[in-house]
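Numbering (numbering that gives the first Met the number 0), first residue to last: 0 to 592.
Don't be surprised by glycine CBs; every beta carbon is placed ideally from N, CA and C.
From a predicted model like this one, the values you see are computed outputs, not experimental measurements.
I have placed the structure first, in the form of structure tokens, so that the comments after it can refer back to it.
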Amino acid sequence: MRKVPLCHWIDQVKQGAWPRRAFIERMTGLGLTLPMAGFLLLNAGVAQSQPAAYKPTRRGGGGTLRMLESQGPTLLNPHFATGLKDNTGSRIFYEPLAEWDAEGNLEAVLAAEIPSRANGGLAADGRSVVWKLKKGVTWHDGQPFTADDVLFNWQYATDPNTASVTLGSYGNLKMEKVDSHTVRVVFDKPSPFWPGQYSQVMLIPKHLFGPYIGARSREAPHNNRPVGTGAYSFVEFQPGDLLRAAIYAKYHLPLRPHFDAIEMKSGGDAVSAARAVLQTGDYDFAGSLVLPEDVAERLEATGKGRLQVMSGSATAAIYLNFTDPNTVVDGERSHPSTRHPLFSDPAVRRAVGLLIDRESLQRHVYGRQGQATTNFINNPSRYRSPNTKAEYSVEKAKAVLDAAGWKPGPDGVRAKDGKKLTLLFQGSVGAVGQKLQAVVKQAAQQAGIQMELKAVVPSVFFSSDIGNPDTYGKFYADMQTYNWTNTSPDPENLMQCFLSTQVASKANKWLGQNMVRWQNSEFDAAFRAAETELDPVKRAALFIRMNDLVVADGYVIPVLARTSMRALAKNLVAPLSPWRNDMASLPHWYRDS
Numbered sequence: 000m001r002k003v004p005l006c007h008w009i010d011q012v013k014q015g016a017w018p019r020r021a022f023i024e025r026m027t028g029l030g031l032t033l034p035m036a037g038f039l040l041l042n043a044g045v046a047q048s049q050p051a052a053y054k055p056t057r058r059g060g061g062g063t064l065r066m067l068e069s070q071g072p073t074l075l076n077p078h079f080a081t082g083l084k085d086n087t088g089s090r091i092f093y094e095p096l097a098e099w100d101a102e103g104n105l106e107a108v109l110a111a112e113i114p115s116r117a118n119g120g121l122a123a124d125g126r127s128v129v130w131k132l133k134k135g136v137t138w139h140d141g142q143p144f145t146a147d148d149v150l151f152n153w154q155y156a157t158d159p160n161t162a163s164v165t166l167g168s169y170g171n172l173k174m175e176k177v178d179s180h181t182v183r184v185v186f187d188k189p190s191p192f193w194p195g196q197y198s199q200v201m202l203i204p205k206h207l208f209g210p211y212i213g214a215r216s217r218e219a220p221h222n223n224r225p226v227g228t229g230a231y232s233f234v235e236f237q238p239g240d241l242l243r244a245a246i247y248a249k250y251h252l253p254l255r256p257h258f259d260a261i262e263m264k265s266g267g268d269a270v271s272a273a274r275a276v277l278q279t280g281d282y283d284f285a286g287s288l289v290l291p292e293d294v295a296e297r298l299e300a301t302g303k304g305r306l307q308v309m310s311g312s313a314t315a316a317i318y319l320n321f322t323d324p325n326t327v328v329d330g331e332r333s334h335p336s337t338r339h340p341l342f343s344d345p346a347v348r349r350a351v352g353l354l355i356d357r358e359s360l361q362r363h364v365y366g367r368q369g370q371a372t373t374n375f376i377n378n379p380s381r382y383r384s385p386n387t388k389a390e391y392s393v394e395k396a397k398a399v400l401d402a403a404g405w406k407p408g409p410d411g412v413r414a415k416d417g418k419k420l421t422l423l424f425q426g427s428v429g430a431v432g433q434k435l436q437a438v439v440k441q442a443a444q445q446a447g448i449q450m451e452l453k454a455v456v457p458s459v460f461f462s463s464d465i466g467n468p469d470t471y472g473k474f475y476a477d478m479q480t481y482n483w484t485n486t487s488p489d490p491e492n493l494m495q496c497f498l499s500t501q502v503a504s505k506a507n508k509w510l511g512q513n514m515v516r517w518q519n520s521e522f523d524a525a526f527r528a529a530e531t532e533l534d535p536v537k538r539a540a541l542f543i544r545m546n547d548l549v550v551a552d553g554y555v556i557p558v559l560a561r562t563s564m565r566a567l568a569k570n571l572v573a574p575l576s577p578w579r580n581d582m583a584s585l586p587h588w589y590r591d592s
């Protein structure tokens, strides 16, 4: 994209000669996402659009909103939320400074306004941002929300003894208190994507969590009894089963929310959750659905509700363990210092990659919920690599293994130097994911690789329970599969999950984002360069390079670029966005009667 016409188009929008929506459509046609297109206008000082919204006349009155999540939350501290389910539960109560809406706008939540050059919030050198905080906001216990709380969350997350999953969100910056309701964020170097991830971190109160920073972080009594600033306050929580919340009468948005109470029931599977909304009408909303296409079409046809499909940035992939899950070092399996005895041979990784029939999985299993891909970064398209390739061929997989000396034994299973190609492949319980596992196992058997399949209930698999051996963070298997979702239009947070410094281990309570434990110095260097690269073309090239390094090494096998699916009751209005947590817009949900 050439700089001159882009500047001209932005000027046309600023002067009112070209509608904002026309600019957005032009940019998305060139490969940018809605949030990235909106970010270009925001940096240029163009006012953000305000979509038509429901205008309530009073707070409450909507009764109980009944939600169903097949993967229910197991904890409610956002700093320890390793998966979507725990973030979903936490977001009912806690709020961030800002977040991306469905129209590509960076929307203020606890911030009073979005920083810009016009309001003096953005430094010309890109090294600092000033955030003014909304006044009059209180925590659910009545205490005021102030700049001290914002600074505390930075200190809490970056204390290594806290072992938070949000540590990477605060990388290369420090925070300063300007006054009681103003915070300055200072970057180590010029920051090309100044909203970063820190502005979307859900904030917890200093007065309740202050005594538990660091090594005592897991002892805080409010880890599962949240006191936030959100539209709903805590009532009851049964991990993995039931979450109840009640309207917060002093919520900082006037005349909101619409619903008086929330009940989130957990358990079962995606199909039964969708059926409870679309067929029986027992629930109003079911999130995080992964449905076989034929089932989705059947349930949709009942007319009691609707399915909403959103395209953001999510990838379904198969991960080969970089480390050895069967060797114990200092009381820890899959220790970062070990290497997998089979996958250390690149021929084995290459063979496994040849056994993934992406086209069949898309056509017969995922339907509208997945597009075959060979890239880990799939959206925004400007970051999508044109360099990766893949093919499905059992015969080529056999040839690769033959050439590397992996010969079939009497039982048909290949072996070399006394090591048999026998692999444990784990994932979460769910019709679609288990079909993926079965398809891969069938192809592997034809190639002489024996696979044992393991399906773990989602409430355990995606848990951050440090005592449970079956979590995806522990990765006590040879292979595993899951979806990884990026809730930001910028891929910086997405690619953190392959940084050497983010390797999940006992030292960080297995909350490091790099669960495959892959380590590559060239990747690390490219990531560090992208953190400070101001030229958008050069920065995109760095992310493409990172993607290519990950894919080429074979430990990460992208399978499908995923869409996300939700089931909504016919009369439920819920402004959802693929760039933020479903619960983020709860204050704006209502029943259209």
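Out of Pro557, Asp293, His339 and Tyr231, state which residue places its alpha-carbon closest to the alpha-carbon of Tyr247. Out of Pro557, Asp293, His339 and Tyr231, Tyr231 has the C-alpha closest to the C-alpha of Tyr247.
Compute the Euclidean distance between the alpha carbons of Pro50 and Ser487, then round it to the nearest angstrom. Because the pLDDT at Pro50 is just 47, under 50, the model does not fix this residue reliably, and the value given afterwards should be weighed accordingly. Each residue's alpha carbon lies about 20 angstroms from the other.
To the nearest angstrom, how far is the alpha carbon of Val129 from that of Ala117? Rounded to whole angstroms, Val129 and Ala117 show a C-alpha spacing of 12 angstroms.
Measuring CA to CA, which of Asn513, Ser504 and Val347 is closest to Leu493? Taking the Cα of Leu493 as reference, the smallest distance to any Cα among Asn513, Ser504 and Val347 is reached at Asn513.
So, are the CB atoms of Ser312 and Leu83 less than 8 angstroms apart? Not a contact, by the Cβ cut-off of 8 angstroms.
For Gly28, which residues in the same chain have their Cβ closer than 6 angstroms to its Cβ, ignoring the five residues on either side in sequence? In this predicted model, Gly28 has a pLDDT of only 49, less than 50, meaning its place in the structure is not dependable; the value taken from the coordinates is given anyway. Counting only residues of its own chain and dropping the five nearest sequence neighbours on each side, Gly28 has no CB closer than 6 angstroms to any other CB.
What is the rounded straight-line gap between the Cα of Gly404 and the Cα of His339? Computed Cα separation, rounded: 18 angstroms.
Where the beta strand (DSSP E) containing Lys131 begins and where it ends: First-last of the beta strand (DSSP E) with Lys131: Ser127 to Lys131.
At a Cβ threshold of 8 angstroms, is Glu68 touching chain C? This model lacks chain C altogether, as it is built from one protein chain only.
Cutting at 6 angstroms between CB atoms, please list the residues of its own chain near His363, excluding the five before and the five after it. None.
Could you say if the segment 382 to 400 and the segment 422 to 440 meet the contact criterion of at least three C-beta pairs nearer than 8 angstroms? No, they do not touch.
Distance check for Lys205 and Phe151, CA to CA, integer angstroms please. So the two alpha carbons sit approximately 6 angstroms from each other.
Does the Cβ-Cβ distance between Ala443 and Leu354 come in under 8 angstroms? Cβ distance < 8 angstroms, so Ala443 and Leu354 count as in contact.
DSSP three-state assignment for Gly28, whether helix, strand or coil: The pLDDT assigned to Gly28 is 49, lower than 50, so where the model puts this residue is not dependable, and the model offers no usable value.
What beta strand (DSSP E) runs, 3 residues minimum, are completely inside the segment 342 to 420? Runs of the beta strand (DSSP E) inside the segment 342 to 420: 369 to 371 and 413 to 415.
Just to confirm, are Leu254 and Gln278 a CB contact at a threshold of 8 angstroms? Not closer than 8 angstroms, so no.
On the DSSP letters alone, give me the boundaries of the alpha helix (DSSP H) that Ala539 sits inside. For Ala539, the enclosing alpha helix (DSSP H) stretches over residues Pro535 to Asp552.
Within 10 angstroms of the Cβ of Leu533, are there 16 or more other Cβ atoms? Answer buried if so, exposed if not. Exposed is the call here.
Under a Cβ-count criterion, where at least 16 other Cβ atoms within 10 Å of its own Cβ denotes burial, should Arg383 be classed as buried or exposed? Arg383 is classed as buried because its beta carbon has at least 16 other beta carbons within 10 Å across all chains shown.
For Asn482, count the other beta carbons within 10 Å of its own beta carbon; 16 or more makes it buried, fewer makes it exposed. Which is it? Asn482 counts as buried, since no fewer than 16 other beta carbons sit within 10 angstroms of its beta carbon.
Answer with buried or exposed for Arg90, where buried requires no fewer than 16 other C-beta atoms within 10 angstroms of its C-beta. With 16 or more Cβ atoms within 10 Å of its Cβ, Arg90 is classed as buried.
Which value, in whole angstroms, describes the spacing of the CA atoms of Ala346 and Ser584? C-alpha of Ala346 to C-alpha of Ser584: approximately 47 angstroms in a straight line.
Let me know the secondary structure DSSP gives Gly304 once reduced to three states. Under the three-state reduction of DSSP, Gly304 is assigned to strand.
Contacting residues, own chain, Cβ-Cβ under 7 angstroms from Val572 (five flanking each side not counted): Excluding positions up to five away in sequence, the list reads Tyr53, Trp588, Tyr589 and Asp591.
Please report the Cβ distance between Thr145 and Ser179, rounded to the nearest whole angstrom; I am assuming they are in contact, meaning their Cβ atoms lie under 8 angstroms. About 5 angstroms separates the two Cβ atoms, so the contact holds.
When you measure from the CB of Asp534 to every non-hydrogen atom of the ligand HEM, does any distance come out below 7 angstroms? Of ligands this structure carries none, so the ligand HEM is not represented either.
Among Asp344, Ala568 and Val351, which residue has its Cα nearest to the Cα of Thr301? Looking at the Cα atoms, Ala568 is the closest of the given residues.
Tell me whether Asp323 is buried or exposed, calling it buried when 16 or more other Cβ atoms sit within 10 Å of its Cβ. Answer is buried; the Cβ neighbour count reaches 16.
For the segment 56 to 131, list the alpha helix (DSSP H) runs that are entirely contained and at least 4 residues long, ordered along the chain. Within the segment 56 to 131, the runs of alpha helix (DSSP H) at least 4 residues long that lie entirely inside it are, in chain order, 83 to 90.
Of the listed residues Gln154, Leu252 and Ala110, nearest to Ile212 (C-alpha basis): Ranking the options by Cα distance to Ile212, first place goes to Gln154.
Whole-number beta carbon distance between Ala430 and Val270, since they are thought to touch under 8 angstroms: Sure, about 6 angstroms apart at Cβ, within 8 angstroms.
Mapping the DSSP letters down to three states, classify Glu532 as helix, strand or coil. Glu532 carries a coil assignment under DSSP once its states are collapsed to helix, strand and coil.
Do Tyr318 and Val555 have their CB atoms nearer than 8 angstroms? It is a contact, given that the beta carbons lie within the stated cut-off.
Output needed for Asn86: all residues of its chain with C-beta closer than 6 angstroms, excluding positions within five of it in sequence on either side, in chain order. Correct list, in chain order: Ala80 and Asn580.
Can you find the residues in the same chain that come closer than 8 angstroms, C-beta to C-beta, to Glu68, ignoring five residues on each side of it along the sequence? Apart from sequence neighbours up to five positions away, the residues of its chain that approach Glu68 with a beta-carbon distance below 8 angstroms are Lys84, Thr87, Met263, Lys264, Ser265, Ala272, Ala285, Gly286 and Ser287, ordered along the chain.
Assuming Pro586 contacts Pro256 under a Cβ cut-off of 8 angstroms, what Cβ separation, rounded to an integer in Å, is found between them? With a contact defined as Cβ atoms closer than 8 angstroms, Pro586 and Pro256 qualify at about 5 angstroms.
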